[in-house]
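Q:
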Amino acid sequence: MTQPAIAMPPAYDAASVEQRIYQNWWDSGYFAPQVNTDRPPFCVIMPPPNVTGELHLGHALTASLQDSLTRWHRMCGDPTLWLPGKDHAGIATQWVVERALAAEGTNRHELGREKFEERVWDWVALYGNTIDEQHRRLGASCDWSRLRFTLDPGPVRAVRTTFVNLYNKGLIYRHERIINWCPRCATALSDLEVDYEERDGKLYYIRYPLADDPADFITVATTRPESMLGDTGVAVHPEDDRYAAKVGKTVLLPIMGRPIPVVGDTAIEMDFGTGALKVTPGHDLVDFEIGERHNLPMLTVIGFDGCLTDAAGSKYSGMERFAARSAVVDELAATGALEKVEDYHHSVGHCQRCSEVVEPLISLQWFLNVGKHDQPGTIAGNAYAAVVNGDIEILPERFARVYLNWLENIRDWCISRQLWWGHRIPVWYCASCGSQSAHVADPDACPDCGSAAIEQESDVLDTWFSSGLWPHSTLGWPDTGSADLDYFYPNTVLETGYDILFFWVARMIMLGIENTGDVPFRSVYLHGMVLDSQGQKMSKTRGNTLDPLDLLEQYGTDALRFALTTGTAPGNNLRLSDDKLESARNFANKIWNAARFVINAIEGRDDLSDWYELPAPRHREDRWIVSRLDALTETANENLAQFELGEAQQRLYDFIWNDFCDWYIEMAKVRLRSEQPGEAAATLVHVLERSLRLLHPFMPFVTEEIWQNLMTQAPGPAGGVASSIMIAPYPRVDSPRPAPDAESEVEVVMQTIRAVRNMRAQLRIPAGQKLEAAIETNGMMSVVSEEKDVISALARVEPLRVLDAGDSGATSGVSLVVNPLVVRLPLAGVVDLEAETERLDKELGETRRNQERVRQLLDNPNFVAKARPEVVEKERQRLQRLTEQRERIEEIVAQLSR
RNA sequence: GGGCGGUUAGCUCAGAUGGUUAGAGCGUCUGCUUUACACGCAGAAGGCCGGGGGUUCGAGUCCCUCACCGCCCACCA
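With this note's numbering applied, the first sequence closes on residue 895, and no number is skipped along the way.
(1) When DSSP labels each residue in this structure, what does residue 658 get in the three-state scheme?
(2) Going by DSSP in three states, residue 346 sits in which element: helix, strand or coil?
(3) On the three-state DSSP scale, how would you describe residue 418?
(4) Rounded to whole angstroms, how far is the Cβ of residue 885 from the Cβ of residue 814, which I believe are closer than 8 Å?
(5) In this structure, does DSSP put residue 301 in helix, strand or coil?
(6) Hey, is the segment 13 to 32 in contact with the segment 453 to 473, meaning 3+ C-beta pairs nearer than 8 Å?
(7) Could you tell me whether the Cβ atoms of residue 183 and residue 415 are closer together than 8 Å?
(8) Could you check what DSSP says for residue 0 in three-state terms: helix, strand or coil?
(9) Report the residue from 780, 279, 820 and 647 whose alpha carbon sits nearest the alpha carbon of residue 618.
(10) Determine the burial state of residue 110: buried for a count of at least 16 other Cβ atoms within 10 Å of its Cβ, exposed for fewer.
(11) Would you call residue 856 buried or exposed, if buried means 16 or more other Cβ atoms sit within 10 Å of its Cβ?
(12) Residues in its own chain within less than 8 Å of residue 613 by CB, not counting five upstream and five downstream?
(13) Roughly how many angstroms lie between the CA atoms of residue 59 and residue 344, to the nearest whole one?
(14) Classify residue 193: buried if its beta carbon has 16 or more other beta carbons within 10 angstroms, exposed otherwise.
(15) With 16 as the cutoff for other CB atoms within 10 Å, does residue 517 come out buried or exposed?
(16) Jot down the residue ranges of each uninterrupted beta strand (DSSP E) in the segment 786 to 844, minimum 3 residues, whole runs only, in chain order.
(17) Rounded to a whole number of angstroms, what is the C-alpha to C-alpha distance between residue 559 and residue 646?
(18) Can you tell me which of the three DSSP states residue 726 falls into?
(19) Using C-beta distances below 7 Å, list every residue in its chain close to residue 899, excluding the 5 sequence neighbours before and after it, in chain order.
(20) On a Cα-Cα basis, can you pick out the residue from 461, 403 and 437 that is closest to residue 419?
(21) Given residue 523, which residues of its chain have a CB within under 6 Å of its CB, disregarding the five upstream and five downstream residues?
(22) When you compare the CB positions of residue 562 and residue 54, do they come within less than 8 Å of one another, or not?
(23) Where does residue 28 fall in DSSP's three states?
(24) Going by beta-carbon coordinates alone, are residue 201 and residue 218 separated by less than 8 Å?
(25) Would you mind stating whether residue 679 and residue 608 have Cβ atoms separated by less than 8 Å?
(26) Under 8 Å, do residue 572 and residue 544 count as touching if we go by C-beta distance?
(27) Jot down the residue ranges of each uninterrupted alpha helix (DSSP H) in the segment 391 to 472, minimum 4 residues, whole runs only, in chain order.
(28) Going by the DSSP bridge assignment, what does residue 572 pair with across the sheet?
(29) Quick one: what's residue 82 bridged to in DSSP?
(30) Can you name the start and end residues of the beta strand (DSSP E) that residue 889 belongs to?
(31) Within this structure, are the beta carbons of residue 180 and residue 302 separated by less than 8 Å?
(32) At the level of alpha carbons, what is the spacing between residue 479 and residue 486?
(33) Pull up the CB-CB distance for residue 853 and residue 883, whole angstroms please, since I reckon it's below 8 Å.
(34) Hey, could you find the ends of the beta strand (DSSP E) residue 124 is sitting in?
(35) Rounded to the nearest angstrom, what separates residue 840 and residue 821 at their Cα positions?
(36) Under 8 Å between the Cβ atoms of residue 220 and residue 199?
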């Protein structure tokens, strides 16, 4: 073959083209939206990854999906904004830096708050761009000029404004309450930040003697014996006969000797343990509530550092809580108060970030009152209504119920964290008059008394508070009249993993409606988790993580993206394996080589004038492939509109590989060798070029590289199409070119070719061996004679005789029935009469069974009456086909027996 | 204790609104240096769609139930 005009090596080398292409896109300014207020925009914001983090496959998946949607909309001509961002990620980032400090033998307290914050900013400067760079490697077509960080001035002002508004409304308040405390991170956690894990533990049974009758006692059961030091009561169910006489009495707390009351409370499960619960209001949520109901004192016996306090008694004060556990058990055993110990499997709360066992304890924290889901006008109520009444659509639909169920049980959100890294709560306390007030801008003096002796609250806000504002804080809120905010809010869609539905999505809906009066986005599209090839969650501790950068270097970015997003249903988890990646890489290579062929075929041609639109293909094969292409174009757009990206890609794969490469290109080769290759060449380039555009949102790099080569060779309409495939129009079917006749005729041709190939393989006739054939056309004379060369070439039969009506091929050898055609292969020497008769009998039997089944269906009056007419019609046609086929086979069998 | 998802070819998974003989990739088997591609081509084998019951003319698809596997939520100490 002659060398193509543009050097395209026989294997697609992703590594050599990707970074150059990305740079070109960026330099050309394609990522920024072309704002056109006459058109509704498409806007999606990137879930901001941790600023000091690195890309993992979850990010790669999210970026692939968002980029595909973004590219599709951009090509559709929508003003398209994909806004990238990064999150300061309070606890996570602080922990990373603290670990680094620990390695240096110091800690944040030695450094002091200011110096520590400087260290974190240094860290951000050092590692903060890693994730952006990684996104670029993935081909992310986001608008980097709008990149936002949660600690940028804009988002900071959004956070403070939100806080001040809610504070002034009385919805943000400070209160002493039992919260989840991580002694390692030394901060409060929200309910969501506690992960419960099943652990093997013990259940300890402890006797609490009655004050007025030391011989009598109540036995309580507990998994946390050390907490008994803080007990201020014992609770039993009021209807529990076993304890009825003891309610209202006093028991003596072992070790401490403290008299504590026995109270009746319906929260007690009579069936559990002994039916008596030791009440530790200071270190258990249930106990806290029981304590509130019965006015029991609340003692804090475990401190913020995880060690016992003075309230636990001098013997235990200062002891680490787990050391205290065994010490307390020893003492209880020694004093005879320990009745028994049982093995017990139960769930224990751990810090989501550092896995330390969480300690519930009472402390002064800031809370956001979100109200109740069924209270209209409250934060939770509005967020609930938005999904119920369809202002926001959650996909897959099942997650809408999960969301609503969570809101139905929501409680006030603990938003304060005892960290140094984050949005410091904008509340100032006056040392002079004692007032407190919230401010967007730092005040110089107390607004009440004018004193300069004011001090800002030291706590920072939960990271999710600032990310909850992301859809509007990135677009300029709270500035009114912000062009971006007016135009791009609400966002079109929010795409993220289902694992942060509560953390992030719900908070964005709550705070978005609160701040703007409108929903933050119209649709929520949730993807699943990326699992390893064994179906295990990827995690660093398991050591089964795959680095996306390694994978894209090994297989190419397009292959990684394709493997991550093809053939999985929305919301479902997916396993990633080398097989999948290889298959995706092979696909990229397949397109590459198809393109090499096409580019070579059109080189130097001047008869391709209307290839770009190809409004009216004439040849049967051209009409067939174009008809298929149009159908594919329709479904691809439909699938994309419904977020069924996996389905769209599967169909593209099937069309390109099977219809186009395996069949159309092979057929076209025959015509390219003929005297009139122009039409075939035009169709080849038309179908390839459209396929590239259809595929571009998913495989941006290989499609761009090929497209540029292709357009150099065949520039298309006068003036060219576009400078890049990423801003070329996404194919749509405005003037459909359906060709049902061509589709069915080509189908017969393909079946004929398959039948011969099949027989050749069965009889082990070498590919090189000439095979004669004759086709009885039975009414398809013109089709067969026109496709004769194709059949001959692809089925490798020569010479091929096309028989007119009345003519009959050889009666010896093999007869293949491809209704209405009969292919005669004169293989008398290879196949004997007996074998051929047997084969045909088998085929006849099968045809008869099929025919019989369809006949029965159509004989069923219920079917005919109730099934949709087009279904009945389809079955009728099928019966007719089967009947004809049966008659043809019977005829041949009859011939053989003569 | 609630809720959700899964159970389809040896493996990994697709299969709107029920309607041909249930599909793909990988793997397996048989042939191919066919002038785009061996990251390929051609052909083939392989499935009581987890079990049971029901609705329907018709069920992988809808309903009930059971069994495993996984996930989420929840204040049984």
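Quick reminder that beta carbons are idealized off the backbone N, C-alpha and C, glycines included.
A: Reading it off the structure:
(1) One-based indexing of the first sequence puts residue 658 at position 661. In this structure, residue 658 counts as helix in the three-state DSSP scheme.
(2) Looking up residue 346 in the first sequence gives position 349. Residue 346: strand per DSSP, three-state reduction.
(3) Residue 418 sits at position 421 when you count from the first residue of the first sequence. Reduced to three states, the DSSP call for residue 418 is coil.
(4) Residue numbering aside, residue 885 sits at position 888 when the first sequence is read from its first letter. Residue numbering aside, residue 814 sits at position 817 when the first sequence is read from its first letter. Confirmed, Cβ separation roughly 5 Å.
(5) As a position in the first sequence, residue 301 is number 304, starting the count at 1. Reduced to three states, the DSSP call for residue 301 is coil.
(6) The segment 13 to 32 makes no contact with the segment 453 to 473: fewer than 3 CB pairs, one atom from each, lie closer than 8 Å.
(7) Along the first sequence, one-based indexing puts residue 183 at 186. Along the first sequence, one-based indexing puts residue 415 at 418. Cβ atoms of residue 183 and residue 415: closer than 8 Å.
(8) For the purposes of this step, residue 0 is taken as the residue at position 3 of the first sequence. Because the pLDDT of residue 0 is 40, which lies under 50, any placement of that residue in the model is unreliable, and the number read from its coordinates should be weighed accordingly. Three-state DSSP puts residue 0 in coil, outside helix and strand.
(9) If you number the first sequence from 1, residue 618 lands on position 621. It is 780.
(10) For the purposes of this step, residue 110 is taken as the residue at position 113 of the first sequence. Exposed, by the Cβ-count rule.
(11) Reading the first sequence from its first residue, position 859 is the one you call residue 856. The residue is exposed, with fewer than 16 neighbouring Cβ atoms inside 10 Å.
(12) To locate residue 613, count along the first sequence from 1; it is residue 616. Cβ within range, chain order: 734.
(13) Your numbering for residue 59 matches position 62 in the first sequence. Your numbering for residue 344 matches position 347 in the first sequence. It is roughly 32 Å from the alpha-carbon of residue 59 to the alpha-carbon of residue 344.
(14) Locating residue 193 in the first sequence gives position 196, counting from the first residue. With fewer than 16 Cβ atoms within 10 Å of its Cβ, residue 193 is classed as exposed.
(15) Taking the first residue of the first sequence as position 1, residue 517 is located at position 520. Buried is the call here.
(16) Every beta strand (DSSP E) stretch that sits fully inside the segment 786 to 844 and reaches 3 residues is listed by chain position as 797 to 800, 811 to 815 and 818 to 822.
(17) One-based indexing of the first sequence puts residue 559 at position 562. One-based indexing of the first sequence puts residue 646 at position 649. For residue 559 and residue 646, the distance between alpha carbons rounds to 8 Å.
(18) Here the question's residue 726 lines up with position 729 in the first sequence. Three-state result, residue 726: coil.
(19) The first residue shown for the chain is -2 and the last is 895, placing residue 899 beyond what the model contains.
(20) Within the first sequence, residue 419 is the residue found at index 422, counting from 1. Residue 419 has its Cα closest to that of 461, out of 461, 403 and 437.
(21) Numbered from 1 along the first sequence, position 526 holds the residue referred to as residue 523. Result list for residue 523: 396, 495 and 568, in chain order.
(22) Translated into the one-based positions of the first sequence, residue 562 becomes position 565. Translated into the one-based positions of the first sequence, residue 54 becomes position 57. No, the pair does not count as a contact, with Cβ atoms beyond the cut-off.
(23) Taking the first sequence and counting its residues from 1, the one referred to as residue 28 is at position 31. Coil.
(24) Position 204 of the first sequence, counted from the start, is the residue given in the question as residue 201. Position 221 of the first sequence, counted from the start, is the residue given in the question as residue 218. Taking 8 Å as the Cβ cut-off, residue 201 and residue 218 qualify as a contacting pair.
(25) As a working note, residue 679 is residue 682 in the first sequence. As a working note, residue 608 is residue 611 in the first sequence. Between residue 679 and residue 608, the C-beta gap is smaller than 8 Å, which places the two residues in contact.
(26) In the first sequence, residue 572 corresponds to position 575, counting from 1. In the first sequence, residue 544 corresponds to position 547, counting from 1. Against a cut-off of 8 Å, the Cβ pair of residue 544 and residue 572 comes out as no contact.
(27) 395 to 405, 460 to 464 and 467 to 470
(28) Here residue 572 refers to the residue found at position 575 of the first sequence. Answer is 528, bridged to residue 572.
(29) Numbered from 1 along the first sequence, position 85 holds the residue referred to as residue 82. Per DSSP, 145.
(30) Here residue 889 refers to the residue found at position 892 of the first sequence. No beta strand (DSSP E) contains residue 889, which is instead part of the alpha helix (DSSP H) from 866 to 894.
(31) On the first sequence, position 183 is the one that residue 180 refers to. On the first sequence, position 305 is the one that residue 302 refers to. Against a cut-off of 8 Å, the Cβ pair of residue 302 and residue 180 comes out as a contact.
(32) As a working mapping, residue 479 is identified with position 482 in the first sequence. As a working mapping, residue 486 is identified with position 489 in the first sequence. Looking at the two C-alpha atoms, the distance is approximately 10 Å.
(33) Looking up residue 853 in the first sequence gives position 856. Looking up residue 883 in the first sequence gives position 886. Wrong, their Cβ atoms sit about 15 Å apart, outside the cutoff.
(34) Against the first sequence, residue 124 aligns to sequence position 127. Per DSSP, residue 124 belongs to no beta strand (DSSP E); it is in the alpha helix (DSSP H), 110 to 124.
(35) Here residue 840 refers to the residue found at position 843 when the first sequence is read from its first residue. Here residue 821 refers to the residue found at position 824 when the first sequence is read from its first residue. If I take the Cα positions, the gap works out to 16 Å.
(36) As a first step, residue 220 is located in the first sequence; it is residue number 223 there, counting from the start. As a first step, residue 199 is located in the first sequence; it is residue number 202 there, counting from the start. For residue 220 and residue 199, yes; Cβs fall inside 8 Å.
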